[in-house]
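My numbering applies: residue 9 is where the sequence shown begins, and numbers increase by one. This report concerns only the one structure given below.
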Amino acid sequence: MTDVFPQVPNKPSWYDWLYQNTDKDVEMYRILTEGHDTILECGVGTGRLAIPWAKQGKTVHGIDYSEKMLEEFRQKLPHFPTEIQDNIMLHHADMRDFDLGQKFSFVCIPFASFVYLLTPEDQKSCLRSLKKHLADGGTIVIDLPTWQEAMEEHWLANDNVMRKEKQFVDEKTGKTKQMWTTTHFDASTQLMEQYRHYRTYSKDGQFEEEQVVLWKSRFFLFGEFKLLLEACGLTITKVYGDFQLGPFKHDSEVMVAVIKPV
Ligand SMILES: C[S@@+](CC[C@H](N)C(=O)[O-])C[C@H]1O[C@@H](n2cnc3c(N)ncnc32)[C@H](O)[C@@H]1O
Numbered sequence: 009m010t011d012v013f014p015q016v017p018n019k020p021s022w023y024d025w026l027y028q029n030t031d032k033d034v035e036m037y038r039i040l041t042e043g044h045d046t047i048l049e050c051g052v053g054t055g056r057l058a059i060p061w062a063k064q065g066k067t068v069h070g071i072d073y074s075e076k077m078l079e080e081f082r083q084k085l086p087h088f089p090t091e092i093q094d095n096i097m098l099h100h101a102d103m104r105d106f107d108l109g110q111k112f113s114f115v116c117i118p119f120a121s122f123v124y125l126l127t128p129e130d131q132k133s134c135l136r137s138l139k140k141h142l143a144d145g146g147t148i149v150i151d152l153p154t155w156q157e158a159m160e161e162h163w164l165a166n167d168n169v170m171r172k173e174k175q176f177v178d179e180k181t182g183k184t185k186q187m188w189t190t191t192h193f194d195a196s197t198q199l200m201e202q203y204r205h206y207r208t209y210s211k212d213g214q215f216e217e218e219q220v221v222l223w224k225s226r227f228f229l230f231g232e233f234k235l236l237l238e239a240c241g242l243t244i245t246k247v248y249g250d251f252q253l254g255p256f257k258h259d260s261e262v263m264v265a266v267i268k269p270v
């Protein structure tokens, strides 16, 4: 197996900062998990989706390769009532090969996290692990970025341009945080290497620190994904193209695949 980059800064609080306003998929996943009481989320991160599910009364098992992300998630738990905390089980595991010794009626890899599996071997190994954890009659959902999104986000760029992606003023400290990126996409391997520069400036605008993280992703089109699933005894029963569960089209913003065993 190839190495997995942690894909997060040393301080995962940056992750929560970057995605604090990202909730476009929360309602979609509420709808997709209707009728499912037990959920397995691969790449659970800091609980952006798992916490809403737990609040809805669902039992959520989350696995993540990054201990630091899990620790950030664990630190949030005491802020919730015990009945919500009790709905969340966190496991330090690699989605490419894991065994929790139980099955789930809903298994998912949300927020495009499947792109962090950089080779077809890793992807297949992961899909087989998902299948092993799926209860009879259960559903797998994987959402992926589309080529359209990759183009719009400059993920297919190879131009050495340093792009300012995000800026935010921390209300508590008054400090400004910025994320800058340079991106190299290699069409022969379908791999994107993105250097993410996380910069902090003091209240009066003085540069304080920079942390650089290499972010690697592998993009592919719908046809390759379908073949990959078929090679693992899985099939797509439905594919959506937006977070309102609209049809998948050539310019869709996302590819949400609902998957069942063959
Ligand atoms: C983009 S975040 C998504 C977090 C969460 N699902 C959400 O929607 O906010 C991707 C997560 O996948 C985790 N991850 C990456 N590769 C992994 C692997 N091979 N096994 C398990 N987790 C992995 C990262 O550590 C990170 O927490």
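By construction, the Cβ of each residue, glycine as well, lies at the ideal position given by its N, Cα and C atoms.
Discussion item. Only counting the same chain, and skipping five residues up and downstream in sequence, which positions put a Cβ closer than 7 Å to that of Leu6?
Written reply: Nothing about residue 6 can be reported from this structure: the residues present for the chain run from 9 to 270 only.
Fill in: Unbroken alpha helix (DSSP H) run spanning Ala239, endpoints
230-239
Worksheet item: From Met170, Val34, Gln131, pick the residue whose C-alpha is nearest to that of Ala239; which is it?
Response: Gln131
Discussion item. For Val34, which residues in the same chain have their Cβ closer than 7 Å to its Cβ, ignoring the five residues on either side in sequence?
Written reply: Leu57, Pro60
Worksheet item: Out of curiosity, what's the CA-to-CA distance linking Gly241 and Lys185?
Response: Gly241 and Lys185: Cα-Cα distance of roughly 45 Å.
Worksheet entry | Distance CB(Glu49)-CB(Cys116) smaller than 8 Å | yes
Practice prompt. Look at the alpha carbon of Cys134 and the alpha carbon of Lys84, and state the distance between them as a whole number of angstroms.
Written response: 28 Å
Worksheet item: Looking only at its own chain, which residues have a Cβ that is under 7 Å from the Cβ of Gly51, when we skip the five neighbours before and after it?
Response: Asp72, Met103, Ile117, Ser121
Worksheet entry | Span of the alpha helix (DSSP H), counted from its first residue to its last, around Ala120 | Looking at the DSSP string, Ala120 is not in any alpha helix (DSSP H), and its letter there is neither H nor E.
Discussion item. Three Cβ pairs or more, each shorter than 8 Å: is that satisfied between the segment 214-223 and the segment 187-205?
Written reply: yes
Discussion item. Is any non-hydrogen atom of ligand 1 found closer than 7 Å to the C-beta of Leu222, if you look at the structure I gave you?
Written reply: Leu222 Cβ: outside cutoff for every heavy atom of ligand 1.
Discussion item. Would you say the beta carbon of Leu57 is closer than 7 Å to some non-hydrogen atom of ligand 3?
Written reply: Although ligand 3 was asked about, the structure shown includes only ligand 1 as ligands.
Practice prompt. Could you say which of Lys246, Lys63, Asp45 lies nearest to Glu91 if we only look at CA atoms?
Written response: Lys63
Worksheet item: With 16 other CB atoms within 10 Å as the buried threshold, where does Thr197 fall?
Response: exposed
Discussion item. Quick check on Ile181: does DSSP put it in helix, strand or coil?
Written reply: Checking the sequence shown, residue 181 turns out to be Thr, not Ile. Coil, per DSSP.
Worksheet item: Using a threshold of 7 Å, is the CB atom of Met304 nearer than that to any non-hydrogen atom of ligand 1?
Response: Residue 304 falls outside the range modelled here, since the chain spans only 9 to 270, and no answer is possible.
Fill in: When Tyr206, Tyr209, Val169 are compared against Phe193, the one with the closest alpha-carbon
Val169
Item to complete: May I ask you to check if the CB of Glu201 is nearer than 7 Å to at least one heavy atom of ligand 1?
Response: no
Discussion item. I'd like the span of the beta strand (DSSP E) that includes Thr46, first residue to last.
Written reply: 46-50
Worksheet entry | Own chain partners of Glu157 with C-beta closer than 6 Å, once the 5 adjacent residues on each side are dropped | Glu261
Item to complete: Pick out whichever of Glu75, Thr181, Tyr37 has its Cα sitting closest to the Cα of Phe251.
Response: If you compare the alpha carbons of Glu75, Thr181, Tyr37 with that of Phe251, the shortest gap goes to Tyr37.
Worksheet item: To which residues of the same chain is Tyr27 closer than 7 Å at the C-beta, ignoring the five residues directly before and after it?
Response: Arg56
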